[in-house]
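Colleague: Before I ask anything, let me first share the structure, which is written out below as structure tokens.
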Amino acid sequence: MTQNESSENPTIRIWEFFASVKLTVALLLILAVTSIIGTLIPQNESPAAYINAFGENLYRIFLFLNFFDMYRSWWFQLLIILLTINVVVCSWERFPKTWKVVSVKKPKFNVDRFKKEPAKVEFQTEKPIQSLRQDYQSFVCKKFSYCRLEETDKGFVVFGEKGRWTRLGAYIVHVSIIFMLVGSLMGSIYGFEGFVNIPEGETANQIRLRHTNEIYPLDFEIRCDSFSVTFYDTGSPKEYRSSLTILEDDKAVRQKDIIVNDPLKHRGITLYQSSYGSLPSDSLTLRIASAENPSGFNFIKKVKIGESIELPDDKGTFIVHDYTHSAQFGGRSIGAAFAGILNPKEGEPVQVIMPVRFPHFDRMRQGDFVFSVQDYDQIYYTGLQVAYDPGVPVVYIGFILIIVGCFITFFVSHQRICIEVLRSGNSSQVMIAGSSNRNKLGIKNKIEKISEKLQNSHQGDSSVTQMKSMTT
Numbered sequence: 049m050t051q052n053e054s055s056e057n058p059t060i061r062i063w064e065f066f067a068s069v070k071l072t073v074a075l076l077l078i079l080a081v082t083s084i085i086g087t088l089i090p091q092n093e094s095p096a097a098y099i100n101a102f103g104e105n106l107y108r109i110f111l112f113l114n115f116f117d118m119y120r121s122w123w124f125q126l127l128i129i130l131l132t133i134n135v136v137v138c139s140w141e142r143f144p145k146t147w148k149v150v151s152v153k154k155p156k157f158n159v160d161r162f163k164k165e166p167a168k169v170e171f172q173t174e175k176p177i178q179s180l181r182q183d184y185q186s187f188v189c190k191k192f193s194y195c196r197l198e199e200t201d202k203g204f205v206v207f208g209e210k211g212r213w214t215r216l217g218a219y220i221v222h223v224s225i226i227f228m229l230v231g232s233l234m235g236s237i238y239g240f241e242g243f244v245n246i247p248e249g250e251t252a253n254q255i256r257l258r259h260t261n262e263i264y265p266l267d268f269e270i271r272c273d274s275f276s277v278t279f280y281d282t283g284s285p286k287e288y289r290s291s292l293t294i295l296e297d298d299k300a301v302r303q304k305d306i307i308v309n310d311p312l313k314h315r316g317i318t319l320y321q322s323s324y325g326s327l328p329s330d331s332l333t334l335r336i337a338s339a340e341n342p343s344g345f346n347f348i349k350k351v352k353i354g355e356s357i358e359l360p361d362d363k364g365t366f367i368v369h370d371y372t373h374s375a376q377f378g379g380r381s382i383g384a385a386f387a388g389i390l391n392p393k394e395g396e397p398v399q400v401i402m403p404v405r406f407p408h409f410d411r412m413r414q415g416d417f418v419f420s421v422q423d424y425d426q427i428y429y430t431g432l433q434v435a436y437d438p439g440v441p442v443v444y445i446g447f448i449l450i451i452v453g454c455f456i457t458f459f460v461s462h463q464r465i466c467i468e469v470l471r472s473g474n475s476s477q478v479m480i481a482g483s484s485n486r487n488k489l490g491i492k493n494k495i496e497k498i499s500e501k502l503q504n505s506h507q508g509d510s511s512v513t514q515m516k517s518m519t520t
């Protein structure tokens with residue numbers, strides 16, 4: 049096909065575009081720059097943190113560009129897809145030539161070409177040519193996977209070859225890159241990461257996704273059987289441990305104690321120990337005082353959350369229904385607080401806030417009684433990070449392949465050898481030459497050792513003479 053025909057064919061133009069090494073370099077540079085951006089800008093933080101760090105205007109620009117969840121953005125996934133296609137096309141375009149060399153059943157050898165190789169040694173021997181033919185052919189066949197003897201007018205030639213398959217090492221590296229790219233793409237599209245807090249003795253079958261804050265249901269239940277934490281003398285946590293049980297159809301299928309860096313895995317989903325905290329138990333001690341004389345009348349009652357209690361003098365009922373770690377009042381945080389509903393005998397229900405740190409807080413509300421929390425029991429909850437990445441096994445395969453491919457590419461080579469023996473009067477002239485697609489110094493050393501070994505086999509013949517060496 050002519051150049052004009054190629055330029056007019058859109059399919060050819062697309063193929064040439066993806067087969068371009070310039071495209072590979074450009075995509076790698078773009079991925080490197082965007083990865084730096086993803087490192088400098090913290091990922092998946094809260095909007096308030098980003099606005100505080102960058103300002104509202106810059107926050108909106110970064111949000112539009114998906115810089116806050118960059119590795120799951122459509123444009124980053126597009127870059128991965130383009131690089132994958134580029135690697136596939138580049139490999140496919142060059143593979144037929146390599147495969148032609150690797151798969152040939154009867155390779156061609158050119159003696160004159162071997163004579164021009166820098167790795168070459170020549171010597172003479174008076175050993176009979178028939179004996180040399182048998183010895184040299186046997187030697188080459190033992191050392192090389194392929195060997196062939198050809199008769200010539202003045203003697204014979206023995207060819208040997210091994211490591212032809214090593215030319216596929218670069219393609220193994222290409223395949224490994226494709227595996228890693230596809231694995232990362234699978235993780236960004238189908239994977240998820242979320243978190244869940246589970247109090248001791250309770251179960252959970254759903255998590256809250258980190259990226260969207262949506263609720264994501266699980267196919268199994270997680271039960272926190274117990275939680276323990278130890279502290280240093282400074283008061284900072286030393287180790288916290290969660291005893292978890294996985295339930296399927298109300299049956300325990302797996303149990304493990306997890307700590308930081310020692311997660312539990314089930315169905316490809318990994319549960320990491322990430323945090324902990326405390327919650328009030330379902331019971332607390334409530335103090336009810338008279339609004340007219342707070343220091344005089346005090347009614348102490350131990351109640352459970354959700355339990356309705358009768359107020360003194362038949363003035364209605366009161367229910368504690370909720371607890372929050374950080375209650376808000378007047379735009380400010382007042383810390384941990386319980387919330388209750390006062391149902392007076394007459395009138396509408398009233399919301400009552402009871403901050404733990406401010407026992408007299410309810411005095412601001414006008415009514416017959418002042419409610420406050422005198423004491424409450426606490427239980428620990430475990431904070432779990434829940435992650436699923438279906439691309440991890442694919443990436444691991446890619447890592448293994450790239451190690452194998454790099455080893456083959458840099459440490460194993462395609463080697464060829466030629467031993468030519470020519471009659472020269474009553475003696476024989478021997479030439480040993482070799483070639484390699486890489487490690488030229490190594491093949492020179494190898495030819496020298498082969499020459500020394502073959503010459504030593506002629507030590508019974510005092511007429512072995514080194515003619516010249518072209519290995520330097």
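Going by our numbering, the first residue of the sequence shown is number 49, and it counts up by one from there. Yeah, the Cβ is synthetic: ideal placement off N, Cα and C, and Gly gets one too.
1. Which same chain residues, not among the five before or five after residue 183, have their C-beta less than 7 Å away from its C-beta?
2. Using the Cβ count rule (16 or more neighbours within 10 Å means buried), how would you classify residue 87?
3. Helix, strand or coil: how does DSSP classify residue 229 here?
4. How is residue 353 classed by DSSP in three states: helix, strand or coil?
5. Relative to the ligand PLP, is the shortest distance from any of its heavy atoms to the C-beta of residue 144 smaller than 7 Å?
6. If we count the other Cβ atoms within 10 Å of its Cβ and call it buried at 16 or more, is residue 412 buried or exposed?
7. Quick test of your reading: residue 242 and residue 255, contact by CB under 8 Å. State the CB separation rounded to the nearest angstrom.
8. With burial defined as no fewer than 16 other Cβ atoms inside 10 Å of the residue's Cβ, what is the status of residue 396: buried or exposed?
9. Report yes or no: do three or more beta-carbon pairs, one from the stretch 176-193 and one from the stretch 202-218, lie closer than 8 Å?
10. Are the beta-carbon atoms of residue 425 and residue 329 separated by less than 8 Å?
11. Within its chain, find whatever has a CB closer than 7 Å to the CB of residue 379; leave out the 5 residues flanking it on each side and keep chain order.
12. Thinking C-alpha only, which one of 211, 187, 72 is nearest residue 491?
13. Opposite residue 299 in the DSSP bridges: which residues?
14. Report all residues from its chain with a CB closer than 6 Å to the CB of residue 470; omit the five preceding and five following residues, and keep chain order.
15. The alpha helix (DSSP H) that contains residue 490, what's its start and end?
16. Drop a sphere of 10 angstroms on the beta-carbon of residue 399, count the other beta-carbons inside from all chains shown, and report buried for 16 or more, exposed for fewer.
17. Going by beta carbon distance, what residues of the same chain come within less than 6 Å of residue 334, once the five residues before and after it are set aside?
18. Indicate the three-state DSSP secondary structure (helix, strand or coil) for residue 196 in the structure shown.
19. According to DSSP, is residue 280 part of a helix, a strand, or is it coil?
20. Between the C-alpha atoms of residue 208 and residue 223, what's the straight-line distance to the nearest angstrom?
21. Return the Cβ separation of residue 393 and residue 362 in integer angstroms, given the expectation that the two are a contact with Cβ distance under 8 Å.
22. If you count every other CB in all the chains shown that lies within 10 Å of the CB of residue 237, and 16 or more means buried, which is it?
23. Alpha carbon to alpha carbon, how far is residue 62 from residue 235? Give it in angstroms, no decimals.
24. Grab the span of the alpha helix (DSSP H) containing residue 191 for me, first residue to last.
25. So the beta strand (DSSP E) residue 471 belongs to, where does it begin and stop?
26. Going by C-alpha distance, which of 290, 300, 277 is nearest residue 269?
27. In three-state DSSP terms, what is residue 401?
28. Taking the alpha carbon of residue 134 as the reference point, which residue from 107, 149, 68, 440 has its own alpha carbon closest?
29. When you compare the stretch 71-86 with the stretch 110-127, are there three or more beta-carbon pairs, one atom per stretch, that lie closer than 8 Å?
30. Here's a check: name, in chain order, each residue in its chain whose Cβ is nearer than 6 Å to the Cβ of residue 296, leaving out the five neighbours to either side.
31. When the Cα atoms are used, what is the spatial distance from residue 108 to residue 288?
32. Under the rule that 16 or more other beta-carbon atoms within 10 Å means buried, what is residue 106, buried or exposed?
33. Which of helix, strand or coil does DSSP assign to residue 119?
34. Compute the Euclidean distance between the alpha carbons of residue 382 and residue 302, then round it to the nearest angstrom.
Modeller: Result, derived from the coordinates:
1. Correct list, in chain order: 505.
2. Within a 10 Å sphere around the beta-carbon of residue 87 sit fewer than 16 other beta-carbons, which makes this residue exposed.
3. Residue 229: helix per DSSP, three-state reduction.
4. Taken through DSSP and simplified to helix, strand or coil, residue 353 comes out as coil.
5. For the ligand PLP, the structure offers nothing, since it holds no ligand at all.
6. Residue 412 is classed as exposed because its beta carbon has fewer than 16 other beta carbons within 10 Å across all chains shown.
7. Indeed they touch by this definition, with Cβ atoms about 4 Å apart.
8. Classification of residue 396: exposed, given that the 10 Å Cβ count is below 16.
9. Taking a cut-off of 8 Å for Cβ pairs, the stretch 176-193 and the stretch 202-218 touch, as three or more such pairs fall below it.
10. Between residue 425 and residue 329, the C-beta spacing is below 8 Å.
11. Same-chain partners within the cutoff: there are none.
12. Selected option, being the one with the closest Cα: 211.
13. For residue 299, which the question treats as bridged, DSSP gives the partners 296.
14. Same-chain partners within the cutoff: 202, 203, 477.
15. If you look at residue 490, you'll find it in the alpha helix (DSSP H) that goes 488-504.
16. The residue is exposed, with fewer than 16 neighbouring Cβ atoms inside 10 Å.
17. In its chain, beyond the 5 residues on either side, 349, 351 have a beta carbon closer than 6 Å to the beta carbon of residue 334.
18. Correct three-state label for residue 196: strand.
19. Correct three-state label for residue 280: coil.
20. Between the alpha carbons of residue 208 and residue 223 lies a gap of roughly 30 Å.
21. Indeed, because the Cβ distance is near 7 Å, the residues count as touching under 8 Å.
22. Burial call: exposed.
23. So the alpha carbons of these two residues sit roughly 28 Å apart.
24. From DSSP, the alpha helix (DSSP H) with residue 191 extends over 177-191.
25. Residues 463-472.
26. Nearest C-alpha to residue 269: 300.
27. In the structure shown, residue 401 sits in a strand (DSSP, three-state: E or B).
28. Nearest C-alpha to residue 134 among 107, 149, 68, 440: 68.
29. A contact exists between the stretch 71-86 and the stretch 110-127.
30. Excluding its 5 nearest sequence neighbours in each direction, residue 296 has C-beta neighbours in its own chain below 6 Å: 268, listed in chain order.
31. Between residue 108 and residue 288, the C-alpha separation is close to 39 Å.
32. Classification for residue 106: exposed.
33. The answer is helix: DSSP assigns residue 119 an H, G or I state.
34. Approximately 41 Å, taken between the alpha carbons.
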